[in-house]
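Contents: one structure, followed by commentary.
Number of protein chains: 2
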Amino acid sequence: MKRVSVGVIGFGTIGAGVVKILLKKRGLLKKRSGIDIRLARVCDRDFSRDRGIGKIPRDLQEKDWKRLVSSPDIDIIVELVGGVTIARDIVLSALKNGKIVVTANKALLSEYAREIFSVGIPEVNLFFEAAICGAIPVVKDIQEALIANKIRSLYGIVNGTCNYILSKMFADTLEFDLVLKQAQELGYAEKQPGLDIDGIDSAHKLSLLSLLAFGKYVHPDDIPTEGITNLELIDLLFADEMGYSIKLLAVGNDTRQGLDLRVHPALVPYEHMLSSVEGVFNALYLQTDEAGDMMFYGRGAGRFPTASAVVSDIVDGAKVIASSEGARAKQVIDFSPRLAQVSCRYYVRFTVVDRPGVLAKISGILGRNKISIASVQQTERARAGTNTVPLILITHEALEEKMKKAISEIARLDVVKKEPVVIRIVDL
Amino acid sequence: MKRVSVGVIGFGTIGAGVVKILLKKRGLLKKRSGIDIRLARVCDRDFSRDRGIGKIPRDLQEKDWKRLVSSPDIDIIVELVGGVTIARDIVLSALKNGKIVVTANKALLSEYAREIFSVGIPEVNLFFEAAICGAIPVVKDIQEALIANKIRSLYGIVNGTCNYILSKMFADTLEFDLVLKQAQELGYAEKQPGLDIDGIDSAHKLSLLSLLAFGKYVHPDDIPTEGITNLELIDLLFADEMGYSIKLLAVGNDTRQGLDLRVHPALVPYEHMLSSVEGVFNALYLQTDEAGDMMFYGRGAGRFPTASAVVSDIVDGAKVIASSEGARAKQVIDFSPRLAQVSCRYYVRFTVVDRPGVLAKISGILGRNKISIASVQQTERARAGTNTVPLILITHEALEEKMKKAISEIARLDVVKKEPVVIRIVDL
């Protein structure tokens, strides 16, 4: 039986999960894969802190990652350090030393894709299933199961923190700030939550999804990205009345007009599967030419769900070594794809003075910008202590730039009392 | 570049889809896999009938499957003949001749598993992604992505015909017979619909899912199987009132008490993802030890969705050939696993005479069988022209055999006018 040796660098939450599975399930993995996958060493600066998986043997402990990455008796390097500095050095040196690399580091892969994918070849020496949607095998399914398909569109709920917050706001009718605080106390949100709630983490994942699904790479900084910090409970409630939930979506469309990638909150119709994805769960919805529509759903984070994906990558890497195959193609990636102009329907909520003529002013500006209104809802519930009322519009399909222009004009009207809330409607 | 030659046997709906993709996307597959996958020949008794994909070249046509299966210049045999007679000969001879076999034939694999899996090894020389849930990569995901997991339970909506009928009954408030007729006219149900609506097709798939997920095989005839023919609209409506949809489920639980496999209609709570699976779509919900809960959703049938899965199998088979790997383990299958006693909550609808004392009689019989009642609902809507009313009970968890005994006793009461309707409640 072939034997493959693994070095794990980074003994944090995920690293400890991977180590535990490799130690506990060595026999099971051997039976299922036909390969003996041996944990050779674990690298971290500190082994004294309790990781909740018991002590690991002294002779497995290593403090210098450089020794691991250059060690001739290690076949697979698992990078779970996080960040984009040391992790970058680890991944690049390991690849250059001929190691197979497994990583869960979406920030690193998406920000340094040009550099990394020039030496790292997916399915050959670079595996990163855990970088997108945790336990859900989106990388494998796109690369292998859907190999005969052109993927037309993808819609992902790829950040569990945001989805948890939005689900909770609606379920408990609470405002954003309060739910964020609760989420932080429960460990579902970081103390510095910006990476999640500002949509940046979703943009990292979308950058990688585009690379996989469309073979087209866009740097995360160049993906139009909105987070969920401006969403108010009232929007979730109005959306609900109209038959929609609100989700933070990572959207990708590969059209004849070009590539359209974006991250933003969106109304998703209740009839659609994605609107049923609640709490910390993730999901990826794909529209393909042969297989039709598909959705993959599961846990996008957490120690063991993520470790499950890392270990499946280790096994896939071990199979490559065991079979000494070299027949797989390097993925063709377009690093400068053409970008599309986006148009969609919009939900807009204005906070306006309760006075005649307001709707006429607003609809006038929209009309001049070629945006037509599909429906209007003006309720009578004026907010206590103010003379303002919410005015909800649903538009027909409109170009994004026209919409932006119209909204900024409207925002300057003296009858408009707060920054308008604009949410895209996703028609799947 | 490596070249691999494919022979497709069976030029029906799926076969023609596979042929079309292999011809049309040869370049794409080459680019993505690094292997040139050549359609060498197509076998059928008749090539005159139009398959809707244009003419295929004369030199690709073959009428004798035996010639294909023994041809030294063919590496992969794709069996899409269907049935369990000729298909069995094709699959077994091809495997014995050292070919890699790809098939979508769930009836064959599940009924002749002992014989076929003694020579056919999943992921090595036998691929059958399309046999379960069509385009959805459930085989790959269980075998590869979840390799580090023990799968505890699975809940599948694996028959699109049944799911379509149930969705349609509820959406249009129509009775079973009428919807079945419509489904037959639309091509969603066969003229002889028994295989689908009696749950047999679901049992075939469940037999294979058990083999994959638990490594335990049960012949489909030995899986307790109920179809949807006894479901009435009223049940869907009552279930809805209580917050449930009704789905035909393939259920598998691998417990310490033994293996529990069954196919039956079930109430699924609206909060659960599976209850959102509508129409002809399929889904598989898994509960695992490391990765947590997951669901895979997509098209379970149809020419191109099924062909998409067949082609991904062809590519995986081609990779095996191209890499000349032999390191993969033969799957360990327990052919005589221990079976579990099943207990669950039940929804029961009795059609009873509208007379005092009826509930006392029924609850007395249930009590003597150790079945306790969680809730009772007796409406006043007596059916026109009768003096009967529906009486709905929800039980607490009860053993299946006790339940059967109690129901048959109750059915013999003179106040009970129709066969009771018994539906399991799935508490996920």
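Quick note, the sequences are listed as chains A and B, same order.
Numbered per the working numbering, the first sequence spans residues 11 to 438.
Numbered per the working numbering, the second sequence spans residues 11 to 438.
A virtual CB, placed ideally from N, CA and C, is assigned to each residue, including glycine.
Keep in mind the model is a prediction, meaning the values are calculated, not measured.
Buried versus exposed, by CB contacts within 10 Å (16 or more), E429/B = The residue is exposed, with fewer than 16 neighbouring Cβ atoms inside 10 Å.
Over what stretch of residues does the beta strand (DSSP E) that includes Y307/A continue unbroken?
-> Where Y307/A is concerned, the enclosing beta strand (DSSP E) stretches over D303 to R309.
Write down the C-beta distance between Y307/A and L277/A rounded to the nearest angstrom, noting that I regard them as a contact closer than 8 Å.
-> That pair is no contact at about 20 Å.
Three-state class that DSSP yields for N135/B in the structure shown | Correct three-state label for N135/B: coil.
Contacts around I331/A, its chain only, beta-carbon distance under 6 Å, and the 5 residues preceding and following it disregarded | Closer than 6 Å at Cβ, skipping near neighbours: V14 and D85.
Could you check what DSSP says for P67/B in three-state terms: helix, strand or coil?
-> Three-state result, P67/B: coil.
What do you reckon, is the C-beta of R13/A under 8 Å from a heavy atom of the ligand SAM?
-> This structure lacks the ligand SAM; in fact it carries no ligand of any kind.
Which bits of chain A does N159/B rub up against, with CB to CB less than 7 Å?
-> Per Cβ cutoff of 7 Å: S318.
Opening and closing residue of the alpha helix (DSSP H) in which N173/A lies | Run containing N173/A: G170 to D182, per the alpha helix (DSSP H) assignment.
Residues near I324/A in its chain [Cβ-Cβ closer than 7 Å; skip 5 each side] | So the list reads V16, I47, I86, V88 and V112, once near-sequence residues are dropped.
Going along chain B, which residues have a C-beta under 8 Å from D326/A?
-> The CB of D326/A comes closer than 8 Å to the CB of E154 in chain B, given here in chain order.
Does the beta-carbon of R338/A have 16 or more other beta-carbons within 10 angstroms, so that it is buried, or is it exposed?
-> For R338/A, the predicted model reports a pLDDT of 40, less than 50, meaning its position is unreliable; a value from the coordinates is still stated below. R338/A comes out buried.
Any idea what DSSP makes of G203/B, helix, strand or coil?
-> According to the sequence as given, residue 203/B is Pro; it is not Gly. Of the three classes helix, strand and coil, the one that applies to P203/B here is coil, per DSSP.
Which value, in whole angstroms, describes the spacing of the CA atoms of K12/B and A104/A?
-> Cα to Cα, the separation comes out at about 28 Å.
D270/A by DSSP, collapsed to three states: which one?
-> Correct three-state label for D270/A: strand.
Extent of the continuous beta strand (DSSP E) run through G237/A = Counting along the chain, G237/A falls outside any beta strand (DSSP E), and DSSP gives it neither H nor E.
Answer with yes or no whether the minimum CB distance from M305/B to chain A is below 9 Å.
-> Judged by the 9 Å Cβ criterion, M305/B is in contact with chain A.
Can you list the alpha helix (DSSP H) stretches of 4 or more residues lying completely in the stretch 86-174 of chain B, in chain order?
-> With a minimum length of 4 residues, the continuous alpha helix (DSSP H) runs that stay inside the stretch 86-174 of chain B are 96-106, 116-121 and 123-126.
Taking 9 Å as the CB-CB cut-off, is G62/A touching chain B?
-> Chain B contact via Cβ: absent.
Indicate the three-state DSSP secondary structure (helix, strand or coil) for P400/B in the structure shown.
-> Reduced to three states, the DSSP call for P400/B is strand.
Should G49/B go down as buried or exposed, given a rule of 16 or more other Cβ atoms within 10 Å for buried?
-> This sequence places Leu at residue 49/B; Gly is not what is there. Classification of L49/B: buried, given that the 10 Å Cβ count is 16 or more.
For G268/A, which of I238/A, L349/A and A249/A has the nearest alpha-carbon?
-> Distance check between G268/A and each of I238/A, L349/A and A249/A places L349/A closest, using alpha-carbon atoms only.
For the beta strand (DSSP E) holding V287/A, just list the boundary residues, first then last.
-> Boundaries for V287/A: no beta strand (DSSP E) harbours it, and the DSSP string shows neither H nor E there.
Taking all protein chains shown into account, decide if H406/A is buried (16 or more other Cβ within 10 angstroms of its Cβ) or exposed.
-> With fewer than 16 other Cβ atoms within 10 Å, it is exposed.
Can the beta-carbon of Y122/A be found closer than 9 Å to that of L284/A?
-> 9 Å or more divides the Cβ of Y122/A from the Cβ of L284/A.
Three-state secondary structure (DSSP) of E72/A = Correct three-state label for E72/A: strand.
How about the stretch 313-328 of chain B and the stretch 187-204 of chain B: do they share at least three Cβ pairs that are nearer than 8 Å?
-> No, they do not touch.
From the DSSP output, in three-state form, read off S80/B for me.
-> Of the three classes helix, strand and coil, the one that applies to S80/B here is helix, per DSSP.
Can you tell me the Cα-Cα spacing of S163/A and Q297/A, whole angstroms?
-> CA-to-CA, the gap between S163/A and Q297/A works out to about 5 Å.
Cβ-Cβ separation, I63/A to A328/A (assumed contact under 8 Å), whole Å | Going by Cβ atoms, the distance from A328/A to I63/A rounds to 22 Å, so no, they are not a contact pair.
Is there at least one Cβ from chain A nearer than 9 Å to G336/B's Cβ?
-> Low local confidence applies: a pLDDT of 37 at G336/B is under 50, so the model's placement there is unreliable, and no value is given.
Which of the three DSSP states, helix, strand or coil, is assigned to P275/A?
-> Of the three classes helix, strand and coil, the one that applies to P275/A here is strand, per DSSP.
So is F291/A in contact with chain B if we call contact Cβ pairs under 9 Å?
-> So, interface residue.
Nearest-angstrom beta carbon gap, V168/B and G377/B [assumed within contact, 8 Å] = Their Cβ separation, rounded to whole angstroms, is 37 Å, which puts G377/B and V168/B out of contact at 8 Å.
Determine the extent of the beta strand (DSSP E) in which S15/B is found, giving its start and end residues.
-> K12 to I19 is the extent of the beta strand (DSSP E) around S15/B.
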